[in-house]
Amino acid sequence: MSAELTPIPEKKRIFSLSIGRLTFGSFLLVLAVIIVTSTASVIAIRHIDTTFAELQRLQSVGDLAEDIDRRMNELRLAARDFVTDPGAGIQFKQVGEAASTLSDILKKTRIELAPEQQDMIDGVTERLATYRSGLERISTLIDRRAQLLAGLPPLRDQFDAAVSGTADRELASRLSEAQGRIALGLLARNPSAAEQAAQTMRALNIGDARLRSAVNDYAEAIIAVAVRERQIADIDREVLGTEGRLIGRVTELLREVSDRRGHVLSRDFARTLTEARWQSIVLGTIGVLIGIGAALFVVRRTVRPLAQIARSIRALAAGQKDTSIPSADVDNEIGDIARAAEVFRRALEEADTAREAAVRALTEQRLAEESYRKLFEGSVD
130 MSAELTPIPE KKRIFSLSIG RLTFGSFLLV LAVIIVTSTA SVIAIRHIDT TFAELQRLQS
190 VGDLAEDIDR RMNELRLAAR DFVTDPGAGI QFKQVGEAAS TLSDILKKTR IELAPEQQDM
250 IDGVTERLAT YRSGLERIST LIDRRAQLLA GLPPLRDQFD AAVSGTADRE LASRLSEAQG
310 RIALGLLARN PSAAEQAAQT MRALNIGDAR LRSAVNDYAE AIIAVAVRER QIADIDREVL
370 GTEGRLIGRV TELLREVSDR RGHVLSRDFA RTLTEARWQS IVLGTIGVLI GIGAALFVVR
430 RTVRPLAQIA RSIRALAAGQ KDTSIPSADV DNEIGDIARA AEVFRRALEE ADTAREAAVR
490 ALTEQRLAEE SYRKLFEGSV D
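For the sequence shown, this note's numbering begins at 130 and goes up steadily by one.
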């Protein structure tokens, strides 16, 4: 006896992502988490590298300020020795070379500095140029003073001879006294006192023409030396001293600016490290939670329905025809498997029904044959 399969009634299917889409989406989600975490780490590392490089540059600026101070102190000491004691062997060339070396160092390191620090270095360079110009002027004045001092002994001898040959003892005494003040002023490096004594000497009323000529020549030479000494002292005070102090002040400001910037960068560096640490913790935690959520989602949408369908199929194979097939209304591969299993279940039910009907028909046929046989036997008797 043949039986046709009963078609499965159409139900409204529930839309669900396919297994391929779920798998691909899970991989994309994991990849997105990795990309976001890596990008954040790269940005943090780049910020840390930039801050560390800035700290190193500020350290070099501090070292540069120390080097400028050291070389400037050496230059000032050499210039002081050159101005105050020209006979000590300090030549202008040596002082100029020291200034040139410092200027070259400033030019080489300028390009490595920040704009505000470059402005400070430019200020140091300008003041150093003024310092060198003052040294050149002092060198010229020292050479001129040396020439004047070299011409003093003949004039002094001429003066002494004229004083000793005069008959006016009072005038000779006053001239000798003035000459003593001149000598004392020169020895004490007091050009004003020497110049004042020379002016006093020239103001004396001298009738002897020979003596007056000797006194005037000697006094003019002393005044010229005193003027050069005063000019040297003025340049030393107004140019070398002032510019040297200003250069020292600029380097001090450079060091202070670098220190302040270093403190700011140190705090920024510490904050960046803290943010990077917490960022790694937060992003790692989020990544783990997303991974767990994705795994639970995949298990809930694929693994669990497949396991339920597998249990139902095993139950059907064991003969439990009333077993329900789950997820038959899902519109994806899992739903296709469930609907195929449902067709298999219905086929089993209809096969059993057909077999039972065949058994009943066979039984009825046997009963009918038995009845015919009994009737036939009764009619024969």
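Don't be surprised by glycine CBs; every beta carbon is placed ideally from N, CA and C. It should be emphasised that the depicted structure is a prediction, and the values quoted were computed from it without experimental measurement.
Own chain residues within Cβ distance below 6 Å of residue i, not counting five before or after
i	result
A490	none
A405	A173
L333	none
L194	According to the sequence as given, residue 194 is Ala; it is not Leu. Cβ neighbours of A194 beyond the five flanking positions: T380, L383 and R384.
G391	L187
C-alpha gap between residue i and residue j, whole angstroms
i	j	result
V344	L375	45 Å
D248	I267	29 Å
D481	L445	13 Å
T168	R429	31 Å
M330	E349	10 Å
V354	L264	18 Å
A497	G448	33 Å
D397	Q185	14 Å
L121	V427	Residue coverage of the chain in this structure runs from 130 to 510, which leaves residue 121 outside it and unanswerable.
R378	D178	32 Å
P282	I352	15 Å
T259	V165	58 Å
E346	V292	The identity of residue 346 in the sequence shown is Asp, whereas the question assumes Glu. D346 and V292: Cα-Cα distance of roughly 13 Å.
T423	S453	Inspection of the sequence shows that residue 423 is occupied by Ala rather than by Thr. Their backbone Cα atoms lie some 29 Å apart in a straight line.
F473	R433	21 Å
A326	G309	9 Å
A483	L477	10 Å
G191	L284	56 Å
R400	S387	19 Å
W407	V417	15 Å
K503	T492	17 Å
E506	I438	59 Å
P455	A467	7 Å
R366	D289	36 Å
A317	M201	28 Å
Residue i at chain C interface by Cβ criterion, 7 Å
i	result
Q276	In the displayed structure, chain C is absent; only one protein chain is listed.
Heavy atom of the ligand ADP within 6 Å of residue i beta-carbon
i	result
A490	As for the ligand ADP, it is missing from this structure, which has no ligand bound.
Span of the alpha helix (DSSP H) around residue i
i	result
D365	Element bounds for D365: n/a, residue is neither H nor E.
L369	Here L369 belongs to no alpha helix (DSSP H), and DSSP marks it neither H nor E.
G294	L281 to G294
Residue i in three-state terms, based on DSSP
i	result
G192	Gly is not the amino acid found at residue 192; the sequence shown has Asp there. Of the three classes helix, strand and coil, the one that applies to D192 here is helix, per DSSP.
D460	strand
S302	helix
L333	coil
I455	According to the sequence shown, residue 455 is Pro rather than Ile. Coil, per DSSP.
G420	helix
K236	helix
Q494	helix
D297	coil
R318	coil
A447	coil
G218	Bear in mind that a pLDDT of 47 at G218, under 50, signals an unreliable position, so the number given afterwards is only what the model happens to contain. Reduced to three states, the DSSP call for G218 is coil.
E485	helix
A132	Confidence at A132 is low in this model, with a pLDDT of 43, below 50, so the placement of that residue is unreliable and no value is reported for it.
Cutoff 7 Å; reference residue i; Cβ partners in own chain excluding five residues on either side
i	result
I442	A470
T295	A301, D337 and L340
I410	none
R303	L333
Own chain, CB closer than 8 Å to residue i, minus 5 neighbours either side, in chain order
i	result
L235	I197, I250, V253, T254 and L257
E203	A227
K450	R474, L477, E478 and D481
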